[in-house]
Structure formats: C-alpha cells, structure tokens
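Residue numbers (my numbering), protein chains in the order written: chain A, 5 to 431; chain B, 8 to 501.
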Ligand SMILES: Cc1cc2nc3c(=O)[nH]c(=O)nc-3n(C[C@H](O)[C@H](O)[C@H](O)COP(=O)(O)OP(=O)(O)OC[C@H]3O[C@@H](n4cnc5c(N)ncnc54)[C@H](O)[C@@H]3O)c2cc1C
Ligand SMILES: Cc1cc2nc3c(=O)[nH]c(=O)nc-3n(C[C@H](O)[C@H](O)[C@H](O)COP(=O)(O)OP(=O)(O)OC[C@H]3O[C@@H](n4cnc5c(N)ncnc54)[C@H](O)[C@@H]3O)c2cc1C
C-alpha cells in the first residue's frame with residue numbers, strides 16, 4: 005500500500021452539496037481539502053436536470069441544473085480547490101480513513117481530519133414496492149430515464165405511464181412529452197402529489213397529462229417488453245386497491261418515481277447511525293453525525309426539494325467541519341447531554357435530531373415534512389412541554405420541506421432537554 | 008451430424024453437456040433463450056437439499072443424496088459460490104414435533120448423513136431471529152446454498168472449452184427420428200445427431216411426446232419469491248423451512264451465497280408454461296406465511312420479486328434415462344425440486360449412459376474450467392491494489408451497489424460464452440443485482456455492451472427477443488404535438 009495521505013477535510017461527493025461545502029470551508033481558511041467524485045465530472049444529479057427552476061433563492065435567477073452546478077464548479081476552479089473525479093470512495097473507517105479507487109490513481113487511502121458526507125441519494129427501484137407482474141424490459145426509474153434522454157439522447161419509451169408524482173416524475177412527464185412520447189398518466193398512491201405545486205401545474209396541467217391521485221399500479225404485463233399496466237384506485241385509509249376499480253392501460257414503458265433514498269452505505273461503514281425516518285444520518289445543529297469529525301449535508305442527509313437549500317445547508321456543514329478541525333474538543337460545555345429534537349404530531353423526519361451544547365447559533369434551523377396536507381396550519385414548537393413558538397402556514401404538504409428557525413432566546417438553553425415540533429390545524 | 012444434441016441450457020442440460028464433453032463425442036446444446044440458465048434455473052430457492060424430503064426409493068431421493076455429495080466438489084472445481092449453511096425444518100407447535108422424527112427416519116432411509124433433532128433452546132441459540140412459536144427443529148448438516156445461474160454458466164463454458172457447441176437463441180420447433188438419426192428443427196435449420204438428450208425443463212413433455220409412445224405430461228407449477236437487501240443477509244445462518252402441516256407446505260427463508268435473503272416460494276399450477284409473473288396474492292401469501300418464521304420481516308427493504316416454474320410431472324418423479332421405445336433418446340424430464348441439487352448426479356449418470364449407447368470412451372485430455380478472477384467486491388485491500396495497478400479499468404466502479412468495476416463488465420462480455428444482454432452481464436458480473444437494481448449502472452453497462460459488441464444501444468435487450476431496453480434515439484422521435492405549456496425550446500430536441 006502506498007503511503008497514506010493526510011488531508012484536513014475530505015468531501016465525499018462533488019454534487020451541489022459537496023461543492024458548496026468545499027467553497028465555504030476554503031473561504032474560511034481550510035486549504036488542505038479534497039473533493040472526491042465518482043462521476044467523470046462535478047455537479048452531481050444536476051448535470052441531468054436540464055430543466056429550469058434552480059437557483060431562485062441563492063442566485064435570484066432561474067437557472068437550469070447544469071447552469072446552477074456550473075456556478076459552483078467555477079467557484080471551485082477559481083479558488084483552485086483540489087478535486088478528483090472518476091474516483092469512487094469504497095470505504096470510510098470510524099477513524100476517518102478514506103479508501104478510494106480511480107483509474108488514474110489506483111487504490112488510495114487518505115487519513116482525513118474531518119469528513120463531509122455529500123453522496124446524494126438514489127431512487128427506490130420497482131422491487132422495493134413489490135409490484136406484481138413480469139420482470140420485462142420497459143420499467144425503469146425516472147432518474148435513469150432522465151439520464152438516458154438528457155445526457156445520451158436515448159429514448160426509453162414512447163407510450164408511458166409514470167408511477168409517483170414526486171418532482172422527478174413530474175419533470176419527466178413533461179420532458180417525455182416534449183421529446184414526442186405520449187405520457188398517458190401520472191399515477192399517485194397518495195391523495196396529493198408529493199411534488200412541488202409549481203411542478204404539478206407546469207409539468208402536468210399545462211400538457212393535459214392526467215394525474216390520478218389515490219391510484220396505484222397493481223400489475224405489470226408483458227413477456228419481453230412491457231405491453232401494459234393495470235391501475236386501480238386505492239382506499240384512502242388502507243391504501244389497498246379497491247376491487248372493481250381496475251383499469252388497463254396499454255403502454256410500452258413504466259417510469260417509477262417512488263421515492264429517493266439517501267445513499268448511506270459509506271456512512272454505515274464509518275459507523276454513523278441513521279434515522280429510520282429520513283434514512284439519513286442523525287445529526288446535530290452543526291450537521292455533525294454521531295461519529296466524531298464526520299459531517300453530512302445535502303440529499304445524503306435528507307432528501308431536499310430545492311437545490312438552493314442543499315447549497316445553504318452544505319455551506320454550514322463546510323464551516324462546521326472546519327471549526328471541528330480547528331478545535332475537535334469544542335467550546336466549554338460541549339460534553340454535556342444534548343437537547344433532543346423530536347417529531348411531534350403531524351411531523352416527520354425533523355433534522356437535526358439533536359442540539360449539542362453550548363446551544364449555538366442564536367437561531368436553530370429545523371426542517372421537516374408534514375405527514376399529510378394541512379391547510380391553515382400552525383407549526384408549534386414545544387420545549388420540555390412548554391410552547392415557545394407558533395407559526396402559521398396557509399398550506400403545508402409532504403411535497404415541500406418545512407423550515408422553522410427557532411430563536412434560542414425563546415427558552416433556557418442550559419436546562420432544556422427536549423424540543424418537539426407539531427403541526428396543528430388552526431382553530 | 009453431431010453425436011449428441013442436448014435440448015435445453017438449464018442446469019441439467021449444461022451439466023450433461025459438461026459431462027459429455029469428457030467423452031470422444033461431438034456435442035451440441037440448443038437453447039431457445041438468449042443465454043443459458045434463463046429458464047427455471049435462474050428462479051428457484053437455490054438450496055442444495057440434504058435429501059430427507061423425497062420419497063424413499065424414488066429417483067428424486069437417490070439423485071438428491073448423490074448430487075448433494077458431489078456438489079461442493081463441483082462448485083470448488085468451477086470456482087462458483089457454495090456454502091454448506093445447513094438446513095433447519097422448524098416445528099411451530101408441539102403437535103408438529105413428532106413430524107420431525109418422521110423426517111429424520113425418512114432421511115436415514117434415503118441415506119442422508121448428519122441429521123439430528125434440536126430443541127427450542129438450541130434452535131434459538133443458532134437462529135435468534137426465529138419466530139416466537141418455534142418449538143424445535145430438524146437440523147440437516149449437509150444442507151447448502153449455491154448460485155444456480157453462475158454454476159450453469161460455468162458448466163456450459165467448461166463444456167464449450169472442451170469442444171461442445173452452445174447454440175443460443177435456437178428453439179427446437181419440432182423433432183423427429185429418421186433412420187436412427189434425430190433431427191431437431193430450428194429457425195436456423197435442422198440439427199442432426201445420433202443421440203438426443205431432452206433437458207427442456209417445463210417443455211420436456213413436448214419433446215418426448217413427439218418421439219416416444221411412452222408419453223407424460225408436465226405441468227408448470229409456479230413459485231413466487233421476494234428478495235431482501237443484503238443488509239439482512241445475516242438474519243439467518245441456516246435455511247429455514249417450516250414443518251409442513253395440514254394447513255400447507257409453508258415457505259422458506261434462506262440467505263443466498265450473495266448475502267441477500269430469499270422468501271418463498273408459493274405453489275400454483277398454471278396453464279401457460281412461460282408465465283413467470285408474480286401476483287399480488289402470491290407475494291402476500293409469501294409474506295404472511297414467512298412471518299411465522301420471521302415476524303419482523305423488514306418489508307421496506309425488498310429489492311426484487313420473481314417467480315420460477317417447477318416442471319411437475321404426472322409421474323411424480325424424475326424421468327431419467329433412455330426411453331424404452333426410442334433408442335438414443337435420453338430424458339432428464341420432470342426435474343422439479345430437488346433438481347438443482349441432483350444435477351451433478353443426473354449429469355454423470357446420463358452422460359455415462361449416452362457414452363455407452365454410442366460406445367464412446369473418454370478423451371485423453373480434458374481442459375480445466377475457465378479461470379475466473381476473484382470479484383473486486385470480495386478482494387482485500389492488497390488484492391484490489393494489485394488489480395487496479397495492473398488494469399486501470401478495475402479503478403472505475405460501474406455498479407455502485409455491488410462494487411463492480413468496468414474491468415469485470417468487460418470480462419463478462421469478452422469471456423467465452425460472454426454476455427450479450429443486460430441480464431447476461433448481471434448474471435456474470437452482478438452489475439444491477441444490488442439494491443438499486445441497475446438504476447445507476449444500466450446506462451453505463453449498455454454503453455459498454457454496445458461498444459464491445461458493435462451493436463447500437465437501441466438494439467440491446469434485457470434478455471433477448473423483443474426485450475429491448477430503449478425505443479430509439481431522440482432524432483428518431485416524431486414531432487411533439489403543440490401544447491399549452493412550454494419547456495425551454497432548443498433543449499427539446501438534441
Ligand atoms: C431528477 C431531479 C430533479 C430535480 N429538480 C429540481 C428542481 O427543479 N429544482 C431544484 O431546486 N432542485 C431540484 N432537484 C434537487 C437537487 O438537484 C438535489 O437536491 C441536489 O442535486 C442534491 O445535491 P447533493 O449534492 O446532495 O446530491 P447529488 O447531486 O446527488 O450529488 C452527490 C454526488 O456524490 C457522488 N457520490 C456518491 N457516492 C459517492 C462515492 N462513494 N464516491 C464518490 N462520489 C460519490 C455522486 O456521484 C454525486 O455526484 C432535483 C433532483 C433530482 C434528482
Ligand atoms: C420455485 C422453485 C424452487 C426450487 N427450489 C429448488 C431448490 O431449492 N433446490 C433444488 O435442488 N431445486 C430446486 N428447484 C428445482 C430446480 O430449479 C430445477 O430442478 C432445475 O433448475 C431444473 O433445471 P433444468 O435444466 O431441468 O430446467 P430449466 O432451467 O428450465 O432448463 C430448461 C431449458 O430448456 C430450454 N428449452 C425448453 N424448450 C426448448 C426448446 N424447444 N428448444 C430449445 N430450448 C428449450 C428452456 O429455455 C430452458 O432454458 C426449484 C424449482 C422451482 C420452480
């Protein structure tokens with residue numbers, strides 16, 4: 005084995021999360037830094053998202069995915085931040101020893117001072133849903149289809165049914181229509197779309213693509229290539245198909261947009277504990293996992309709707325990792341029992357899951373998803389049973405991540421033990 | 008004219024081909040699908056049964072026990088995975104305990120070594136995840152697991168290296184015997200031979216009944232399965248069977264040699280011998296019944312579901328050997344479970360019979376199996392380093408779930424009997440077998456297949472025939488109809 009390199013900060017993944025973290029850490033003075041990316045270019049999933057709608061928050065203009073990625077890639081290049089593409093990280097040890105492989109450099113090991121996990125997420129495959137039927141050709145995830153169409157000019161199908169109305173499903177419904185394919189329906193199990201409202205309007209309504217809510221695909225037909233699917237309405241309470249509502253749709257392709265799973269194989273190898281709900285690492289307000297010196301941000305932490313939020317979150321991770329490198333012991337009091345943050349009524353997947361002491365910064369950035377659609381809702385934050393904050397929202401849906409900034413002045417950080425966030429329908 | 012034609016490239020046909028290749032005989036294997044192991048052999052429980060199950064005195068019992076004894080050696084020689092993980096037949100009520108003793112007795116009669124009864128405490132010590140109703144079990148120490156398609160590909164390749172011809176995409180549409188010569192009709196023309204081995208799986212009755220008066224009927228009996236992510240591989244060490252009860256045969260749970268977990272199968276007779284669909288009812292039943300063995304099945308972590316067809320024969324046993332009324336016709340028919348286990352025994356026996364019939368002796372030299380390299384995912388650090396240093400294509404990981412480098416995909420395509428389809432690559436290199444089921448690597452594998460085979464990506468298939476992955480290129484698409492909405496023009500067409 006060649007000599008083990010030592011690098012202060014190793015960032016795994018060169019998507020928007022990894023790049024924003026790298027730029028923030030660099031600008032704050034961390035110049036022993038390396039971004040490792042398995043693809044041949046930086047930019048992550050954005051490279052295949054050629055639609056617009058990115059960057060409204062960060063750059064105050066509408067960019068396409070590659071344009072948005074390019075802004076960060078240029079920042080990385082201008083600063084001369086070291087990165088290595090075509091490099092797959094294979095393993096991270098709990099002691100932060102990173103093993104990676106690439107055609108250019110072979111197998112290398114790097115001892116990292118701190119690590120930022122920024123590996124993004126992957127799509128749930130058909131098997132995860134156990135949709136009955138044949139295992140024929142013509143079934144793929146929407147992200148795979150997006151890559152084929154946008155990066156390789158290949159057409160996955162001509163008569164298409166899309167299962168799942170998450171953002172990628174919606175965007176691909178429009179994209180497939182625009183390349184001349186016929187999208188017959190977008191089928192959604194829940195009584196609401198899990199995508200952003202603007203995408204439902206711009207990608208389905210504008211193209212007369214039917215959105216079948218409370219429906220699912222119950223069978224897949226076709227020996228060799230897909231010939232059709234059977235859909236059915238589902239019971240609102242049990243989500244089981246209602247007999248008698250079956251309908252056959254003849255099609256050659258089924259695209260699946262049935263959920264994204266944070267890609268945490270490496271996190272597990274490092275010994276990081278994951279949340280059952282977000283399927284991402286458990287972190288504190290500094291995005292530090294339960295393994296010392298290992299941070300997480302972007303889609304590997306929890307699936308985001310907007311890349312702008314990914315960039316903001318990841319910049320915080322970059323700064324926090326650098327602070328940790330400079331002072332791993334942390335300020336006085338950091339060994340005290342942290343404050344736990346819990347999902348309350350109507351709340352799923354709150355991040356961070358704990359607040360380390362001393363409680364900084366002055367505002368705690370909490371994100372979560374409501375478990376259903378709520379109109380005239382109130383977000384209520386409780387600290388040890390006492391309500392410390394209420395915020396009204398006209399509408400909340402699981403498709404849009406909710407954010408509350410909790411000022412630490414609202415409670416006594418020294419004595420607080422548990423923060424719980426609820427979503428309630430306003431009286 | 009060949010000496011021997013084998014119809015069917017499942018584990019049985021491939022094993023017979025390999026054994027026949029030891030003799031001074033010209034051998035051709037005809038397989039209708041685009042690859043070997045595309046029939047029942049790719050979709051079963053992959054258990055190397057101990058042999059306590061089959062009726063004493065039956066062909067099943069005899070070849071099961073003999074096949075089990077040969078299996079480990081065969082897998083070692085071919086360098087394919089095998090694990091003697093033991094089998095447990097679990098009784099889930101005190102009433103079922105006596106049944107276990109009957110199984111032990113039957114097993115002893117069949118000549119199965121290493122059978123014993125274990126009590127509840129010992130069972131729980133071995134298998135902490137077993138359900139609360141478990142009361143005790145039969146332990147079969149010779150039970151094992153293997154990888155049926157890898158075994159079959161290796162066997163067919165070994166046969167190929169020793170002179171046998173393997174013709175894929177070659178369905179036998181009719182067969183007759185004329186002046187002592189067998190003629191198989193195929194779309195590519197007739198194939199003539201002195202002897203014929205019928206290893207056509209669920210279609211073996213069709214082949215036999217065209218030639219022999221002694222007809223039989225094979226019914227396809229479908230079994231459905233669910234497969235769990237490899238994270239749950241350690242949930243059980245042994246293969247867990249449920250003691251059959253008047254309520255049903257139960258379903259099994261087993262680790263695979265690739266560390267995933269299989270749950271199933273169901274049993275349903277079906278009309279259509281190609282219908283390998285899974286059904287809502289079937290998958291529900293698997294889950295419901297398996298919960299007795301494992302109450303906490305992690306249902307969020309299934310990676311795939313599949314079904315296989317048992318070739319159930321109306322004679323309730325394997326039909327092995329030369330047909331009484333057709334000299335030179337050798338049947339290996341009705342090979343339902345434990346056919347995989349029995350394959351080595353069946354192959355040695357049938358090849359011997361065929362060679363005797365044709366008075367053929369063994370060749371002087373027999374080439375060793377195709378040398379495979381240890382997969383990257385199983386290499387240690389030093390081995391990986393050496394591999395990447397020697398070939399940079401080991402440094403580019405194509406399948407992230409199973410850590411399959413480009414070098415192994417290329418090898419899967421370039422090797423003898425190389426992959427020509429996406430599933431072919433999957434079965435040889437594991438790319439696309441993991442938890443994302445090819446979502447990430449499929450486009451990359453298509454690129455490599457296209458480059459290596461010199462075939463446009465749009466022509467490539469999942470498993471041959473009409474199973475095309477793609478429907479064309481952007482340039483070939485019709486103009487979209489005008490719509491109210493607008494995607495940024497300019498990017499619409501590439
Ligand atoms: C199809 C789709 C459509 C979207 N549409 C919009 C939209 O319209 N507007 C919007 O604002 N947002 C949108 N988003 C969301 C936004 O693009 C994502 O939130 C963002 O890309 C997440 O950034 P990330 O860096 O966390 O993950 P990614 O972009 O996925 O980057 C992760 C990177 O890590 C690399 N990596 C992973 N594992 C390893 C390893 N072991 N070794 C080395 N490298 C590794 C990957 O190759 C990848 O480049 C969309 C997302 C998708 C998937
Ligand atoms: C649900 C299930 C579970 C099982 N579990 C186990 C187990 O745990 N352990 C065990 O030992 N066994 C098990 N078995 C049995 C085992 O899988 C089979 O016995 C074995 O795979 C049979 O192999 P084969 O070669 O006879 O059949 P196949 O693999 O079906 O091969 C027959 C081949 O012939 C080809 N063919 C058919 N007709 C023609 C034609 N006209 N021209 C050209 N080619 C043709 C087909 O395409 C096919 O590839 C199980 C079976 C099933 C279905």
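Backbone N, C-alpha and C define an ideal beta-carbon position, used for all residues, glycine too.
Along the alpha helix (DSSP H) that carries residue 432 of chain B, what are the first and last residues, could you check? Working through the second chain from its first residue, we reach residue 432 of chain B at position 425. Segment 429-436, the alpha helix (DSSP H) holding residue 432 of chain B.
For residue 286 of chain B, decide whether its Cβ has a neighbour in chain A, counting only Cβ atoms nearer than 7 Å. If you number the second chain from 1, residue 286 of chain B lands on position 279. When Cβ-Cβ separations below 7 Å define contact, residue 286 of chain B makes contact with chain A.
Please list the partners that residue 249 of chain A has in chain B, where partner means a Cβ-to-Cβ separation under 9 Å. Working through the first chain from its first residue, we reach residue 249 of chain A at position 245. Ordered by position in chain B, no residue passes the 9 Å Cβ test against residue 249 of chain A, which lies about 14 Å from the chain.
Quick check: what's the CA-CA separation for residue 463 of chain B versus residue 480 of chain B? Locating residue 463 of chain B in the second chain gives position 456, where the first residue counts as 1. Locating residue 480 of chain B in the second chain gives position 473, where the first residue counts as 1. Using only the alpha carbons, I get a separation of about 10 Å.
What residues in the segment 163-186 of chain A bring their beta carbon closer than 8 Å to a beta carbon of chain B? 178, 179, 181, 182, 183, 184, 185
Kindly say whether residue 504 of chain B, judged by its beta-carbon, lies nearer than 7 Å to any beta-carbon of chain A. Residue 504 of chain B lies beyond the stretch modelled for chain B, which goes from 8 to 501, so this question has no answer here.
Any heavy atom of ligand 1 within a distance shorter than 6 Å of the CB on residue 17 of chain A? Reading the first chain from its first residue, position 13 is the one you call residue 17 of chain A. It does: the Cβ of residue 17 of chain A is within 6 Å (strictly closer) of some heavy atom of ligand 1.
When DSSP builds the beta bridges, which residues end up paired with residue 189 of chain A? Along the first chain, read from residue 1 onward, the residue named residue 189 of chain A stands at position 185. In DSSP, residue 189 of chain A forms a bridge with A/165.
How far does the beta strand (DSSP E) with residue 374 of chain A in it extend, from its first residue to its last? Counting from 1 along the first chain, the entry for residue 374 of chain A is found at position 370. Per DSSP, residue 374 of chain A belongs to the beta strand (DSSP E) from 367-374.
Among B/456, B/52, B/466, whose alpha-carbon lies nearest the alpha-carbon of residue 246 of chain B? Here residue 246 of chain B is taken as the residue at index 239 of the second chain, counted from 1. Closest by alpha carbon: B/52.
Is residue 272 of chain B near ligand 2, in the sense that its beta carbon is under 6 Å from a heavy atom of that ligand? The residue you call residue 272 of chain B lines up with position 265 of the second chain. Yes, the Cβ of residue 272 of chain B comes within 6 Å of a heavy atom of ligand 2.
Quick one: Cα of residue 185 of chain A to Cα of residue 468 of chain B, how far? Along the first chain, read from residue 1 onward, the residue named residue 185 of chain A stands at position 181. Along the second chain, read from residue 1 onward, the residue named residue 468 of chain B stands at position 461. Distance between the alpha carbons of residue 185 of chain A and residue 468 of chain B is about 20 Å.
Return yes when the C-beta of residue 269 of chain B is under 6 Å from any heavy atom of ligand 2, and no when it is not. On the second chain, position 262 is the one that residue 269 of chain B refers to. Residue 269 of chain B: no, Cβ never under 6 Å from ligand 2.
Starting from the C-beta of residue 83 of chain A, find all residues in its chain whose C-beta is less than 8 Å away, skip the five residues before and the five after it, and write them out in chain order. Position 79 of the first chain holds residue 83 of chain A. Within the same chain, residue 83 of chain A has close Cβ partners 27, 30, 31.
Is the shortest distance between the beta-carbon of residue 444 of chain B and the beta-carbons of chain A less than 7 Å? Taking the first residue of the second chain as position 1, residue 444 of chain B is located at position 437. Interface residue, yes.
Leaving out five residues on either side along the sequence, give the residues of the same chain with a beta carbon under 6 Å from the beta carbon of residue 158 of chain B. Start at 1 with the first residue of the second chain, and residue 158 of chain B comes out as number 151. Taken in chain order, the residues that qualify are 87.
Output, in chain order, the set of chain A residues within a Cβ distance shorter than 7 Å of residue 478 of chain B. By one-based count along the second chain, residue 478 of chain B stands at place 471. Result: 159, 160, 161, 162, 256.
Residue 35 of chain B - partner residues in DSSP beta bridges: Indexing the second chain from 1 puts residue 35 of chain B at position 28. Residue 35 of chain B pairs with B/12, B/172.
Return yes when at least one heavy atom of ligand 2 lies under 6 Å from the C-beta of residue 194 of chain B, else no. As a working note, residue 194 of chain B is residue 187 in the second chain. Residue 194 of chain B Cβ: outside cutoff for every heavy atom of ligand 2.
Which chain B residues sit within Cβ distance under 8 Å of residue 273 of chain A? Residue mapping note: residue 273 of chain A aligns to position 269 of the first chain, counting from 1. By Cβ distance, chain B contributes nothing, its closest Cβ being about 12 Å from residue 273 of chain A, past 8 Å.
Going by the DSSP bridge assignment, what does residue 433 of chain A pair with across the sheet? Because chain A is modelled from 5 through 431, residue 433 of chain A falls outside the range shown and cannot be assessed.
Is there a Cβ of chain A sitting closer than 7 Å to that of residue 484 of chain B, yes or no? On the second chain, position 477 is the one that residue 484 of chain B refers to. Interface residue, yes.
Given the structure, does residue 373 of chain B come close to ligand 1, in the sense that its CB is under 6 Å from one of the ligand's heavy atoms? Residue mapping note: residue 373 of chain B aligns to position 366 of the second chain, counting from 1. Because no heavy atom of ligand 1 lies under 6 Å away, the Cβ of residue 373 of chain B does not count as near it: no.
Where residue 206 of chain A falls: helix, strand or coil (DSSP): On the first chain, residue 206 of chain A is found 202 positions in, with the first residue counted as 1. Note: residue 206 of chain A maps to helix in three-state DSSP.
Helix, strand or coil for residue 496 of chain B, going by three-state DSSP, please let me know. To locate residue 496 of chain B, count along the second chain from 1; it is residue 489. Note that residue 496 of chain B scores 39 on pLDDT, short of 50, meaning its location in the model is unreliable; the coordinates nonetheless yield the value given after this. Correct three-state label for residue 496 of chain B: coil.
Which value, in whole angstroms, describes the spacing of the CA atoms of residue 109 of chain A and residue 40 of chain B? Walking along the first chain from the start, residue 109 of chain A turns up at place 105. Walking along the second chain from the start, residue 40 of chain B turns up at place 33. Their backbone Cα atoms lie some 41 Å apart in a straight line.
Find the nearest neighbour of residue 113 of chain B within the set B/398, B/63, B/388, B/422, judged by alpha-carbon distance. Residue 113 of chain B sits at position 106 when you count from the first residue of the second chain. Closest option to residue 113 of chain B, Cα to Cα, is B/63.
Residue 189 of chain B lies in the beta strand (DSSP E); which residues open and close that run? For the purposes of this step, residue 189 of chain B is taken as residue 182 along the second chain, with counting starting at 1. Residues 188-192.
Let's test the definition: count the other Cβ atoms within 10 Å of the Cβ of residue 192 of chain A and tell me whether it reaches 16, buried, or not, exposed. The residue given as residue 192 of chain A occupies position 188 in the first chain. Buried, since its Cβ has 16 or more Cβ neighbours within 10 Å.
Span separating the alpha-carbon of residue 125 of chain B from that of residue 288 of chain B: Numbered from its first residue, the second chain carries residue 125 of chain B at position 118. Numbered from its first residue, the second chain carries residue 288 of chain B at position 281. The straight-line gap from Cα to Cα measures roughly 34 Å.
Looking at residue 450 of chain B: is its Cβ nearer than 7 Å to the Cβ of residue 130 of chain A? As a working mapping, residue 450 of chain B is identified with position 443 in the second chain. As a working mapping, residue 130 of chain A is identified with position 126 in the first chain. No.
CB-CB length for residue 66 of chain B against residue 309 of chain B, believed under 8 Å: Start at 1 with the first residue of the second chain, and residue 66 of chain B comes out as number 59. Start at 1 with the first residue of the second chain, and residue 309 of chain B comes out as number 302. No, residue 66 of chain B and residue 309 of chain B are not in contact; Cβ-Cβ is about 36 Å, not under 8 Å.
At 8 Å on the CB atoms, spell out the chain B contacts of residue 218 of chain A, in chain order. In the first chain, the residue the question calls residue 218 of chain A occupies position 214. Simply none; closest approach about 18 Å.
CA-to-CA distance, residue 142 of chain A to residue 216 of chain A, given in whole angstroms: Numbered from its first residue, the first chain carries residue 216 of chain A at position 212. Numbered from its first residue, the first chain carries residue 142 of chain A at position 138. Using only the alpha carbons, I get a separation of about 21 Å.
Under the three-state DSSP convention, the category residue 76 of chain A falls into: Stepping through the first chain from its first residue, residue 76 of chain A is reached at position 72. Looking at residue 76 of chain A - three-state DSSP - the assignment turns out to be helix.
Cβ distance (whole Å) where residue 266 of chain A is taken to contact residue 276 of chain A below 8 Å: To locate residue 266 of chain A, count along the first chain from 1; it is residue 262. To locate residue 276 of chain A, count along the first chain from 1; it is residue 272. Rounded, the Cβ-Cβ distance is 11 Å, inconsistent with contact.
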